[in-house]
Each structure stands twice: as C-alpha cells, then as structure tokens.
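Protein chains: 4
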Amino acid sequence: MTESSGTRQAGVRRNREALLAAAAAVFVEQGVQAPIRDIAGRAGVGLGTVYRHFPNRAELVTAVYRHQIEECVELAAALGREPIAPAEALARWIDAFVEFLVTKHGLGVALQSEDPSLLALHTLMLDKLVPACASLIAAGVAADEIDPGVTAYTLMRAVGNLCILGPGYERAHARDMVARLLAGCRRVR
Amino acid sequence: MTESSGTRQAGVRRNREALLAAAAAVFVEQGVQAPIRDIAGRAGVGLGTVYRHFPNRAELVTAVYRHQIEECVELAAALGREPIAPAEALARWIDAFVEFLVTKHGLGVALQSEDPSLLALHTLMLDKLVPACASLIAAGVAADEIDPGVTAYTLMRAVGNLCILGPGYERAHARDMVARLLAGCRRVR
Amino acid sequence: MTESSGTRQAGVRRNREALLAAAAAVFVEQGVQAPIRDIAGRAGVGLGTVYRHFPNRAELVTAVYRHQIEECVELAAALGREPIAPAEALARWIDAFVEFLVTKHGLGVALQSEDPSLLALHTLMLDKLVPACASLIAAGVAADEIDPGVTAYTLMRAVGNLCILGPGYERAHARDMVARLLAGCRRVR
Amino acid sequence: MTESSGTRQAGVRRNREALLAAAAAVFVEQGVQAPIRDIAGRAGVGLGTVYRHFPNRAELVTAVYRHQIEECVELAAALGREPIAPAEALARWIDAFVEFLVTKHGLGVALQSEDPSLLALHTLMLDKLVPACASLIAAGVAADEIDPGVTAYTLMRAVGNLCILGPGYERAHARDMVARLLAGCRRVR
DNA sequence: TATGAATGAGGGTTCATTCAT
DNA sequence: TATGAATGAACCCTCATTCAT
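Residue numbers (the UniProt record's numbering), protein chains in the order written: chain E, 1 to 189; chain H, 1 to 189; chain B, 1 to 189; chain D, 1 to 189.
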C-alpha cells in the first residue's frame, strides 16, 4: 500500500536507530531500569515515539542487545571451525562475550534481574548464546581440555556476573577474573 | 525528665534490634531495595522509627551486615593463625564469605550497586574485609601458593558478583563458580 | 488536474463506507469510546483518513447511526398510515427502536452520555426521532389509548437507557422492561 | 499501640469524610470515572492520601455509596413490616432507591459499567439491595399484586438505567418513567 | 487524498520522606 | 521517642490529534 516515500521510511528507521543508540547509552549510564522518558529525551523524540517502536521495555532492551548477541553466536560457530585447541576457542569466545558485556555494561545486571521486563532478554540469551557456548564447551570436554562439570548456562551467568562493573572494579578487573574463572574450568589433570 | 531512662534505653535498643532483624529478613525476600515501609511493618514499628534509627537506607543496610562482616574479619585472623597451608586458609575463608553472601542474598546486589544509598556498605567492606582478605592472600603469595597478581579487593568484588543468585543460578552454582575462580588464582607452577 | 475524478471519488466513497462499517462493528464490540485507531485498523485505512472523513468522534458516531435513525423515522410514518390501533403502532415502533438500540449496543451509552463528542448524535435524535415518535404518541393520545402525560423525548431517553445492556442484563431483559414501561404509558382507564 | 491522640484520629477521620464528600461531588459532576487527582484536589489533600484511605477506585466508589445502600436495605425491611399493600411497599421502596440514584447521579452509570473498578459496587448491590428488593417483590407476587415474571435484579438494573440523567432528562422525568415501569410490573388482571 | 509517525497531555499508581501529635 | 498520615515527585502507559510526505 505504501510504496514510495523512501525518505519517510528512512526517517523512521533513523528514529529507530537513534532510539536504540540512546537506549544503549542510557542503559550504560543508568542501567536497564532507566526511565523510558530519559531515553526519549536522549534520542530527542517524544515519549510516544519510544512506545511506538518498542511497545514495552522488554522489546527495547531486547532490541538493544539482539545484534550483539547474534554476533556472539556467529563467532562461536566460526571459532568452532577454526583449527585451534577447543579450550582456546572457548577462551576467545568468552573474551568476546566479556567485551560485549563490559561495553554495554547494563547487561550484567540485566542478566541477573528477575524483572519480568527483562525476561525476554534472558530468554534470548538462553535460546541463542547458551547453545553457542555449549557447543564450544562440548568440544573442549571431548578433547579432554575442559572439566565435564562445567555447564554453559552456569558459566555464562557467572561470566555475566563477573562483568558487573563498578567503581574500583573496572573492565580490566573483570577480564582478569573471568580469565581465572576459565582457568578453573580446565580439565584437572 | 530522666524518668527510668534505663527502661527507655532498653526499649530503644530493642527497637533497633527488631529493625535489624526485620530488615535482614526483608532484604533476603525482596532485596536491599525493598520499601522501607515493609521493613517497618515487619518489625512492628512505625515508619518514623525506622528513619529515627537509620536516617537513610544506607545506614540500615550497613548496620544489617556489619555484624556478619565483623565475624568474617575475625575468621580471617583465626585462620591466619592455624597451622594450615595459606591457600587452604584462603579457600576456607572465601567459603565462609560465600556462605554469608548467598545466605543474605540481597548482599551480592548491594555490593555491586552504584546506588549512593549503598555506598556506605561498600566502604565498610573496603575498610574491614579487604584487609582481612589481603592478609590471607599475602600469606599465600609468600608461600608461593597464590598468584601475586591477585588483589584482595578485586577478588572480593568478583566473589560478591558470583554470589548474585537468580533462577537457574542457585547457591550450589555460585559455590562451584567461586571454587573455580579460586583455583584460577593459585600460583601457576 | 481533474484526472479521472470519477474513480477518485469512488475511492473516497468506498473509504467512507468502509469506515462506517468498521466503526459500527467496533462500537458494538468496544462501545462508542473505542480508540479511533482501532476503527482505522478495522477499516484498513490510515488514521488520518478517519480524521479527514470525520473530523471528530461525534461526526463519526452520528454518521454511523444516521442511516438507521432514518429507517426508524420512515417506519414511524409507515406505521402511522396503517389501519391499526395507535397504541399498537407505537408499540411496534418502539420495538423497532429497541431492536436498533440493542443491536448497536454502544448506542444506549451514547444517548445517555453528556460527552460533548456525542452531542451531535443527541441532536440528531432530537431532530429526527422525537418528532416521529411524537406523532405516534399524539395519535395514541387522540385515540384515548396513551396517557397524555407521556412525552416523546422523555420516553425515548427512557427507552434508550433501558437498552444499556451489561452482564446479567441482556437483550431479553431490556425488551421485557421496555414492554412494561410502555404498558405503564397506556391511558389509565 | 496508639491509644491517645484523639485529635489525630479525628483529623484522619475528618480527612476520610472530606474525601468521601469530595468523591461524591466529583462523581456527580464527572461520573465515577473521574480522575483520582480531581478528587484529591477537591478534598484539598494530596494524591497519596486518597490512595492511603482507598487503595483503589473500587474501594472509594464502594465507600461513597455503601452508607446509602445500607439505608435502602433497612428501608426495605421496615416497609415489609408495615401494614400496607405489598405493591405500595415496593413502590415506596423504589421511590427511595430512585431518590438515592438521582441524587448521586453517577451511580446509574456505575451500575451499568462493566469496568472492573466498579465490580465491587455491583457486587455490593447484588448482595445487599437485590435481596431486599426481592423480598418486597415476593410479597407482592404472593398478594397477587405483582407480576411473577418480574425479577429483582432486572428491575433494579432497569431502574438504575432509568435514573441515568442528562440534559433534558432530569430527576422528575426519571421518576415519572420509573413509576410507569412499575405500573407495568403490576399483576395483569 | 491518504498515510502513519510523532507528539505530549492525561491518568493510574508507588514510595521515599517529612512532620504534627 | 514513636507514630503513621500526608505529601508529591516520578514512572508507566494510552490515546487523541496533528502534519510532513
């Protein structure tokens, strides 16, 4: 019905992008529970526009993180195909995951929250990231490099938690701690 | 004017104790962000009484956990005096800390939050727990059992984070992950 | 400029018809206060189109019911010409009115509301239906079958109110009550 | 715990009364769907105070009308004991009910609405008023004065509807229509 | 003319915090 | 000192309505 009007559609898309960017920024500053109004303000749009694009907080949160989650999934597949030691593949993947988590630093909290508005994100992670991680772990276990007691979901939750930053506990610290946790997941010989 | 001030003071103290107990219970159930009113209700006192004893949430949170923090401090000293391997002492102490964290399960969040109302708790940890932990680490490093790169504060923050529970990530998982983290802190031989 | 204006006008008319049908359906389902957007969606047109055809809710409501109101007016004239007792004519006409009201079940509320957006409908009723009803009543009064104290407007409002349905008060109940009201309007012999 | 302080309690009660009065007034002017804020403003209290006294609209609406509903119930009992014709008793009771309805004229709408926030009022009516009315009807039926086809609930809904006022349909009209409806409920001899 | 994105007022509700008694 | 009533800021979310394309 509405062919034509490429300009309009572009404007809509730009608005959506602006909202995602604004939300990501606000999430970093205030966490995923930030008032929707703040996000609207940051994006320079009205409150209703946020709700038009994302009918509820869950949709917004999910949209903000979906892209990067997809990237993580793809990375896992790529690493699985590379000719490197499984434990090394897992380590690299976790590195990327950490990078993701500490950059969008509201996400650590998001993964931990029981808030229903964040359930969708949680589900997304479970559906996408856990299988990706699990395949890398399985390879590591098969190669006798990773302790079979390690579960993908638990490991990811733990890594997510370790990536909850704060004053005095910055990215570098999180990375160091994650590395040590991973070391503790290696096969005990 | 000073009519039977002993009795009055006793009443005041009793109120304070009741509030601490109530707050601890409510924190476990609802987290440290629970409505103050709920705590007052649980303690059977008026809202104003809470504010009289604890002018803000931070004071209340701090007071709730101070006692157990002291116990952890003492445990560290005791463990330091026992004739066991330093790494073992550290492990046992961390065990106790984890037990504390997962029992009062709001605390993980509390330690991680940047919320100004929880800053005091953070400070308390820094002042008390970090030195205690640092001494155990130092002993371990001296005995060549612990990696010298491990910092007390960072380790405690990490452990604190690992103890943020949620559905699908329960006590046992936290304990397992902490154990692996600790394993990763041992001297690389 | 006037390119194939016949086609265009036809399209415009079709849109208008679609909107009236959609509005009637939505009014039945959700009442006359239903969101304009729902009506637009049901009609398969844009929101702006609704406003173009009907600058406000009142216009839309009025338009939706105008046709049926006209039918009622014509029925009154027809019944007035038939060789039946005036009271019987009035009864039949009220029956038709009730049928109209309970079928389009938002209308009862619409007639009763003081909402300015529904004023136009009210006016329409006054202008069209009341005279129609009044003539039937007048005939009944002249035949000494209807109490001269009965006013067309009041009776119609009353019937309109009796046709406001709800759970536990359905069509059949409304019909029964209207019949009794009408019985109470007959000449007291 | 809080003996003493009669003044305080009095103030609280006065506030509650003020709220009920304000709500009643606002309901008359704007209907039972009026913004809670308006009621707070009219009562000269803060918004939170309304919610303190009445946790939701249903409680407020119910409270506003409860007293008068009780009076109607008692009147029914009293009329039932009086040595008058059952139909006369019913008529008087309905008169009182109408008086109640047209005075608090938001109530007609309230009874008709399916809004969950008004369910409580509906229930109250069902529980209290319907039995009261039913007993009067039963007496009338037993005395062969009232048509056995008349149901208390339906009659009350109908009367409630007839008492929904508007411009051009005032109290007197409602009373007249109700009287005629009631006439139509008498036993057809 | 038609579209539907954008706007923002409006209304519900929760709770931290103050303060008169 | 203790109480808890009152306050109102802050958030959420829903539409009616406008207007650029």
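In this text, a Cβ means the ideal position worked out from N, Cα and C, and glycines have one as well.
Identify, in the order they occur along the chain, each residue of the same chain with its Cβ nearer than 7 Å to the Cβ of residue i, setting aside the five sequence neighbours on each side.
i                       : result
leucine 162 (chain H)   : Ala174, Met177, Val178, Leu181
histidine 171 (chain H) : Note that residue 171 (chain H) is arginine in the sequence shown, not histidine. Here the set comprises Val102, Leu165.
leucine 75 (chain D)    : Trp93, Ala96
alanine 91 (chain E)    : Leu182
methionine 1 (chain H)  : Residue placement at methionine 1 (chain H) is flagged as unreliable, the pLDDT there being 44, under the threshold of 50; the coordinate-derived value follows with that caveat. Cβ within range, chain order: n/a, list empty.
glutamate 114 (chain D) : none
arginine 16 (chain H)   : His53
glycine 140 (chain B)   : Pro86, Ala87, Leu90, Ile146
Could you list which residues in chain B have their beta carbon closer than 9 Å to that of residue i, in chain order?
i                       : result
histidine 173 (chain D) : Thr151, Tyr153, Thr154, Arg157, Ala158
By the three-class DSSP mapping on this structure, what secondary structure does residue i have?
i                        : result
isoleucine 146 (chain E) : strand
arginine 42 (chain H)    : helix
arginine 14 (chain B)    : helix
glycine 184 (chain D)    : coil
glycine 80 (chain H)     : helix
glycine 31 (chain D)     : coil
glycine 168 (chain B)    : coil
alanine 85 (chain H)     : coil
lysine 104 (chain B)     : coil
cysteine 72 (chain B)    : helix
glutamate 99 (chain B)   : helix
glutamate 114 (chain D)  : coil
residue 192 (chain B)    : What the structure shows of chain B is the stretch from 1 to 189, and residue 192 (chain B) is not part of that stretch, so it cannot be assessed.
cysteine 133 (chain B)   : helix
threonine 151 (chain E)  : coil
Checking contacts by CB at 8 Å: is residue i closer than that to chain E?
i                        : result
tyrosine 65 (chain H)    : no
methionine 125 (chain H) : no
Using a cut-off of 7 Å between C-beta atoms, extract the partners of residue i located in chain D.
i                      : result
arginine 180 (chain B) : Leu181, Gly184, Cys185
So is residue i in contact with chain B if we call contact Cβ pairs under 8 Å?
i                     : result
glycine 140 (chain D) : no
With a threshold of 8 Å between beta carbons, is residue i in contact with chain D?
i                     : result
glycine 168 (chain B) : yes
Determine, for residue i, whether the minimum Cβ-Cβ distance to residues of chain H falls below 8 Å.
i                       : result
isoleucine 36 (chain E) : no
methionine 1 (chain E)  : Unreliable positioning characterises methionine 1 (chain E) in this predicted model, as indicated by a pLDDT of 44, which lies under 50. The coordinate reading is nonetheless provided below. Chain H, which has no Cβ nearer than 8 Å to the Cβ of methionine 1 (chain E), makes this no.
serine 4 (chain E)      : Any reading at serine 4 (chain E) must be qualified, since the residue scores a pLDDT of 48, below 50, and its modelled position is unreliable; the value itself is stated next. With 8 Å as the cut-off, serine 4 (chain E) does not count as an interface residue toward chain H.
Anything in chain H within Cβ reach of residue i, meaning under 8 Å, just list it in chain order.
i                       : result
glutamate 114 (chain E) : Gly166, Pro167
How would you list, in chain order, the residues of chain E whose beta-carbon sits under 7 Å from the beta-carbon of residue i?
i                     : result
leucine 162 (chain H) : Ala158, Asn161, Leu162
By Cβ distance below 8 Å, which residues in the same chain neighbour residue i in space, the five residues on each side in sequence not counted?
i                     : result
valine 159 (chain D)  : Ile94, Phe97, Val98, Leu101, Val178, Leu181
glutamate 3 (chain D) : Because glutamate 3 (chain D) sits at a pLDDT of 44, beneath the cut-off of 50, its placement in the model cannot be relied upon, and the following sentence gives the value as read from the coordinates. Correct list: empty, nothing qualifies.
arginine 37 (chain H) : Leu47
alanine 143 (chain B) : Ala85, Pro86, Ala87
valine 26 (chain B)   : Ala34, Asp38, Ile39, Arg42
If I measure Cβ to Cβ from residue i and keep anything under 6 Å in the same chain, skipping five residues before and after, which residues do I get?
i                    : result
lysine 128 (chain D) : Ile69, Val73
Counting beta carbon pairs with one atom in the region 29-43 of chain D and one in the region 78-95 of chain D, are three or more of them shorter than 8 Å? no
Assess, as a yes-or-no matter, whether the region 113-121 of chain D is touched by the region 134-150 of chain D under the definition of 3 or more beta carbon pairs within less than 8 Å. no
Would you check if there are 3 or more beta carbon pairs closer than 8 Å linking the region 87-101 of chain E to the region 46-63 of chain E? no
Evaluate contact between the region 92-106 of chain D and the region 56-69 of chain D, counting only Cβ atoms and requiring at least three cross-stretch pairs below 8 Å. yes
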